[in-house]
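Input: a single structure, listed below in structure tokens.
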Amino acid sequence: MSQEDCIARVYSSHAPACSPYRDVCARTMTAEPLVLFAHGARDARWAEPFEAIRTALQAQQPTRRIELAFLEFMQPSLDEVAAALHADGVERALVVPLFLATGGHLRRDLPAMVEAIGVRFPGLEFRIEAPLGESPAMRRAIVDWLAGM
């Protein structure tokens, strides 16, 4: 099955686990999956911007698996996303914190979570990227946005 056929038939990050094509899709994806990692909140509306980012990015990169995970209060958790990736035979994924800066959650909590995931799901490696706010391009975008006010 070609990659295009796979995508056209079943690929989405929410494909049912029972899909006969899910394993084929997991093996044919060439780009390392991205796990967008956000804090989470008790108010469900808080997740809307992060879901919009995930949806827009998935539209730009339809062959890449892109997941959204939350630290607390919301689902799916990073552990739940790891379980789904592991079940699909994914070996590596890049975790991108959608945080403005590195604080306690990114210094302590996220590395501890990733370490526990490595123990729970042998063969799945999560690499942690710098938080969104530490990107020079993001900082320029924020400055440009604020300068227009």
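The opening residue of the sequence shown carries number 0 in numbering that gives the first Met the number 0; numbering runs sequentially from there. Idealized CB from N, CA, C, for every residue including glycine. Bear in mind that the values here come from a model prediction, so they are computed numbers and not experimental data.
CB contact below 9 angstroms: residue i versus chain D
i, result
"A111", "Absent from the structure: chain D. Only one protein chain is present."
Through-space distance from residue j to residue i, alpha-carbon basis
i, j, result
"L33", "V94", "6 angstroms"
"A129", "I141", "17 angstroms"
"P75", "A46", "11 angstroms"
"R138", "G117", "32 angstroms"
"R107", "A92", "19 angstroms"
"E119", "R126", "Rather than Glu, the amino acid found at residue 119 in this sequence is Arg. Roughly 16 angstroms between the two C-alpha positions."
"A146", "P135", "16 angstroms"
"E133", "L97", "10 angstroms"
"A55", "A115", "30 angstroms"
"M112", "Q60", "27 angstroms"
"D42", "P121", "34 angstroms"
"G102", "E31", "26 angstroms"
"D143", "A86", "42 angstroms"
"R64", "A81", "13 angstroms"
"L35", "M148", "29 angstroms"
"E90", "E79", "15 angstroms"
"R44", "T29", "33 angstroms"
Whole-angstrom C-beta distance between residue j and residue i, which should lie under 8 angstroms
i, j, result
"A58", "F49", "So it is not a contact: roughly 15 angstroms between Cβ atoms."
"R53", "L70", "Contact doesn't hold; Cβ gap of about 16 angstroms is too wide."
"L84", "L109", "That pair is no contact at about 16 angstroms."
"F72", "A40", "6 angstroms"
"L99", "L131", "7 angstroms"
Which residues DSSP lists as bridging residue i, in chain order
i, result
"P96", "F36"
"R91", "E124"
"S76", "F69"
In chain order, each alpha helix (DSSP H) run of at least 4 residues that lies wholly inside the region 34-74 = 47-59
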